[in-house]
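J.: Quick one: structure below, then a few questions.
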Amino acid sequence: MKPFPRSTPRTRKRSVADKKSKKKKRRRSSKQIQNLNPKEDHSRKDDRIRRVSGHRRLREEIKRRHRPIREFRDWDRKKVEELNGHSVYCKGASSDEVRRSSELDTMAQGQRESDAAAAAAAAEAVIGQQQKGYAVELYFDPALENQVLKAWNVLARRQISTKLIEISARPHLTLLSIPSLDPLRLQAPLRSLTARLDPLPLSLSSVGAFPSSPSDAGKGGGVLFLAPTPSADLLNLHSQVCDALRKEGIELPEEFRPGSWVPHCSVAQDVPRSRIADAFCVLRDLKLPVSGYAMDIGLVEFSPVQEIFSFPLGSNSES
Numbered sequence: 001m002k003p004f005p006r007s008t009p010r011t012r013k014r015s016v017a018d019k020k021s022k023k024k025k026r027r028r029s030s031k032q033i034q035n036l037n038p039k040e041d042h043s044r045k046d047d048r049i050r051r052v053s054g055h056r057r058l059r060e061e062i063k064r065r066h067r068p069i070r071e072f073r074d075w076d077r078k079k080v081e082e083l084n085g086h087s088v089y090c091k092g093a094s095s096d097e098v099r100r101s102s103e104l105d106t107m108a109q110g111q112r113e114s115d116a117a118a119a120a121a122a123a124e125a126v127i128g129q130q131q132k133g134y135a136v137e138l139y140f141d142p143a144l145e146n147q148v149l150k151a152w153n154v155l156a157r158r159q160i161s162t163k164l165i166e167i168s169a170r171p172h173l174t175l176l177s178i179p180s181l182d183p184l185r186l187q188a189p190l191r192s193l194t195a196r197l198d199p200l201p202l203s204l205s206s207v208g209a210f211p212s213s214p215s216d217a218g219k220g221g222g223v224l225f226l227a228p229t230p231s232a233d234l235l236n237l238h239s240q241v242c243d244a245l246r247k248e249g250i251e252l253p254e255e256f257r258p259g260s261w262v263p264h265c266s267v268a269q270d271v272p273r274s275r276i277a278d279a280f281c282v283l284r285d286l287k288l289p290v291s292g293y294a295m296d297i298g299l300v301e302f303s304p305v306q307e308i309f310s311f312p313l314g315s316n317s318e319s
């Protein structure tokens, strides 16, 4: 195979000469524009000067209009002294412009503070409107609790209900709900009761709904729940808890008395009527029944949910 032919010295010299001639032509053309004879036609020079100066003015105008005042690198502290200590620095801007910028910043800060105050007031109003009270709850073992939490998370991702997550609730069966009581009155009776009981087998086997929660009738928003199979042990435990509270002189609401109590594990609260069908479709995909054990009895204050105390079934130790 023949080697690739190299360029001859004559060719190299010619290419170098061409480059030099091009540079000379460019240099000559620029000098011709700068050194035109004033007696001759110098419209080309006027056009060039007009075009360059116009572009320069346009660029400067764009920079002046679109560059924020605080982004100038050369600070003019004299303008700052006129603003009575405002930390606004500028160059090429009048005192009125700087003062106006400071006033806008002050107005924006005031608006942010007023918005924050309004949001705090609204949050306090919502908290004040939330239902207050106490509840005796039956808690599950970790495996069964995780199954219920999965249902909460799916309903929250579908934007059906996030209420139970927002109030920091824990999966449970509500044994009793009372508007007001002294928590210390229940501590000793519940401790002695849980010491005599063993962990209770549970099986969440069906899905149900209340048009509204029993204590919020008429306020709108439904409650969806998983219902356990009503075994004799579960009904007996509920009856013993009711008897312990009656001995302390606590009046029980009608819906939580033996014979009227509906055992349920809430999975969604304040569900709009238009989303109840969607919620049922989500819960239908759960692999029911889910089984486990009831392990603890606790007293909580709501809302938001705050656990006051809890006792494990079959133990005298306080958690």
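The sequence shown lines up with residues 1 to 319 when you count with full-length UniProt numbering. Glycine included, each C-beta is placed from N, C-alpha and C at the ideal position.
(1) For Ile276, which residues of its own chain have a beta-carbon under 8 Å away from its beta-carbon, when the five flanking residues on both sides are left out?
(2) Please work out which residues of its chain come closer than 7 Å, Cβ to Cβ, to Leu181, disregarding the five sequence neighbours upstream and downstream, and give them in chain order.
(3) To the nearest angstrom, how far is it from the Cα of Leu234 to the Cα of Gly110?
(4) Can you give me the start and stop residues for the alpha helix (DSSP H) that Ser192 sits inside?
(5) Alpha carbon to alpha carbon, how far is Ala169 from Phe280? Give it in angstroms, no decimals.
(6) Under the DSSP definition of a beta bridge, which residues are partnered with Leu173?
(7) Quick one: what does DSSP say Ile165 is sitting in, helix, strand or coil?
(8) Within its chain, find whatever has a CB closer than 7 Å to the CB of Asn84; leave out the 5 residues flanking it on each side and keep chain order.
(9) Find the nearest neighbour of Ile160 within the set Gly259, Gly298, Leu299 and Asp270, judged by alpha-carbon distance.
(10) Please classify Ser274: is it buried, with 16 or more other beta-carbons within 10 angstroms of its beta-carbon, or exposed?
(11) Taking DSSP's pairing of strands, which residues face Pro201 in a bridge?
(12) Please report the distance separating the alpha-carbon of Arg185 from that of Glu113.
(13) Write down the C-beta distance between Ile297 and Val136 rounded to the nearest angstrom, noting that I regard them as a contact closer than 8 Å.
(14) Tell me the DSSP secondary structure of Asp285 in three-state form.
(15) Buried or exposed: which applies to Met295, given that a residue is buried once 16 or more other Cβ atoms fall within 10 Å of its Cβ?
(16) Nearest by alpha-carbon distance to Leu173: which of Leu138, Ile165 and Leu204 is it?
(17) Thinking C-beta only, is Ser205 closer than 8 Å to Thr229?
(18) Whose C-alpha, out of Ile178, Val305 and Asn153, is nearest the C-alpha of Leu245?
(19) Taking the CB atoms as reference points, tell me whether Asp198 and Gly314 lie closer together than 8 Å.
(20) Given a cut-off of 8 Å on the beta-carbon distance, is the pair Leu176 and Phe256 in contact?
(21) Flag this pair as yes or no: are the beta carbons of Val241 and Leu202 separated by less than 8 Å?
(22) Give the range of the alpha helix (DSSP H) segment to which Ser239 is assigned.
(23) Is Gly133 helix, strand or coil by DSSP?
(24) Determine the burial state of Pro289: buried for a count of at least 16 other Cβ atoms within 10 Å of its Cβ, exposed for fewer.
(25) Could you compute how far the alpha carbon of residue 324 sits from the alpha carbon of Ala227?
(26) What is the residue span of the beta strand (DSSP E) that Phe225 lies within?
(27) Figure out for me which residue from Pro258, Lys150, Thr106 and Pro183 has the closest Cα to the Cα of Leu299.
(28) Just to confirm, is the Cβ distance from Pro189 to Lys150 under 8 Å?
(29) Let me know the secondary structure DSSP gives Gly298 once reduced to three states.
(30) At the level of alpha carbons, what is the spacing between Arg196 and Ser260?
(31) Locate the beta strand (DSSP E) running through Glu307, then write down its first and last residues.
(32) Tell me whether Ile250 sits in a helix, a strand or coil according to DSSP, three-state version.
(33) Considering only the alpha carbon of each residue, which of Pro142, Phe140, Asp141 and Pro171 lies closest to Trp152?
T.: From the atom records:
(1) Position 276 of the sequence shown, counted from the first residue, corresponds to residue 276. So the list reads Ala209, Gly222 and Leu224, once near-sequence residues are dropped.
(2) What you label residue 181 is simply residue 181 of the sequence shown in a count that begins at 1. Around Leu181: Tyr134 and Ile250.
(3) For this step, residue 234 is matched to residue 234 along the sequence shown. For this step, residue 110 is matched to residue 110 along the sequence shown. Cα to Cα, Leu234 sits roughly 58 Å from Gly110.
(4) The count along the sequence shown starts at 1 and reaches residue 192 at position 192. Element bounds for Ser192: Pro183 to Arg196.
(5) The residue labelled residue 280 in the question sits at position 280 within the sequence shown. The residue labelled residue 169 in the question sits at position 169 within the sequence shown. So the two alpha carbons sit approximately 21 Å from each other.
(6) In the sequence shown, the residue the question calls residue 173 occupies position 173. In DSSP, Leu173 forms a bridge with Leu138.
(7) Within the sequence shown, numbered from 1, the residue matching residue 165 stands at position 165. Ile165 falls in the helix class under three-state DSSP.
(8) By 1-based counting over the sequence shown, the position of residue 84 is 84. Because Asn84 carries a pLDDT of 45, less than 50, the predicted location of this residue cannot be relied on, and the following value inherits that uncertainty. Excluding sequence neighbours, Asn84 sits near nothing in its chain.
(9) Working through the sequence shown from its first residue, we reach residue 160 at position 160. Minimum Cα distance to Ile160 is reached at Asp270.
(10) The residue labelled residue 274 in the question sits at position 274 within the sequence shown. That one is exposed.
(11) As a position in the sequence shown, residue 201 is number 201, starting the count at 1. DSSP output for Pro201 lists Tyr293 as bridge partner(s).
(12) The residue given as residue 185 occupies position 185 in the sequence shown. The residue given as residue 113 occupies position 113 in the sequence shown. The straight-line gap from Cα to Cα measures roughly 45 Å.
(13) Sequence index remark: in the sequence shown, residue 297 carries index 297 (1-based). Sequence index remark: in the sequence shown, residue 136 carries index 136 (1-based). Right, the Cβ-Cβ distance comes to about 7 Å (below 8 Å), so this counts as a contact.
(14) Position 285 of the sequence shown, counted from the first residue, corresponds to residue 285. Residue state, collapsed to three classes: coil.
(15) For the purposes of this step, residue 295 is taken as residue 295 along the sequence shown, with counting starting at 1. Buried, because 16 or more other Cβ atoms sit within 10 Å of the Cβ of Met295.
(16) Your numbering for residue 173 matches position 173 in the sequence shown. Nearest option by C-alpha distance: Leu138.
(17) The residue labelled residue 229 in the question sits at position 229 within the sequence shown. The residue labelled residue 205 in the question sits at position 205 within the sequence shown. In this structure, Ser205 lies closer than 8 Å to Thr229 by Cβ.
(18) Here residue 245 corresponds to residue number 245 of the sequence shown, with the count starting at 1. Ranking Ile178, Val305 and Asn153 by Cα distance to Leu245 puts Ile178 first.
(19) Along the sequence shown, read from residue 1 onward, the residue named residue 198 stands at position 198. Along the sequence shown, read from residue 1 onward, the residue named residue 314 stands at position 314. A contact, by the Cβ cut-off of 8 Å.
(20) For the purposes of this step, residue 176 is identified with residue 176 of the sequence shown, where counting begins at 1. For the purposes of this step, residue 256 is identified with residue 256 of the sequence shown, where counting begins at 1. It is a contact, given that the beta carbons lie within the stated cut-off.
(21) The count along the sequence shown starts at 1 and reaches residue 241 at position 241. The count along the sequence shown starts at 1 and reaches residue 202 at position 202. Not closer than 8 Å, so no.
(22) Along the sequence shown, one-based indexing puts residue 239 at 239. That run of the alpha helix (DSSP H) goes Ala232 to Lys247.
(23) Mapped onto the sequence shown, residue 133 falls at position 133. Here Gly133 sits in strand by DSSP.
(24) As a working note, residue 289 is residue 289 in the sequence shown. Under this definition Pro289 is an exposed residue.
(25) Not covered by the structure: residue 324. The range shown for the chain is 1 to 319.
(26) Numbered from 1 along the sequence shown, position 225 holds the residue referred to as residue 225. From DSSP, the beta strand (DSSP E) with Phe225 extends over Gly222 to Pro228.
(27) For the purposes of this step, residue 299 is taken as residue 299 along the sequence shown, with counting starting at 1. That would be Pro183, whose Cα lies nearest to the Cα of Leu299.
(28) Start at 1 with the first residue of the sequence shown, and residue 189 comes out as number 189. Start at 1 with the first residue of the sequence shown, and residue 150 comes out as number 150. Not in contact: Pro189 and Lys150 (Cβ atoms no closer than 8 Å).
(29) Position 298 of the sequence shown, counted from the start, is the residue given in the question as residue 298. Three-state DSSP puts Gly298 in a strand.
(30) Against the sequence shown, residue 196 aligns to sequence position 196. Against the sequence shown, residue 260 aligns to sequence position 260. Taking the straight line from one Cα to the other gives about 25 Å.
(31) For the purposes of this step, residue 307 is taken as residue 307 along the sequence shown, with counting starting at 1. Its beta strand (DSSP E) spans residues Gln306 to Pro312.
(32) The residue labelled residue 250 in the question sits at position 250 within the sequence shown. Note: Ile250 maps to coil in three-state DSSP.
(33) What you label residue 152 is simply residue 152 of the sequence shown in a count that begins at 1. The shortest Cα separation from Trp152 among Pro142, Phe140, Asp141 and Pro171 belongs to Pro171.
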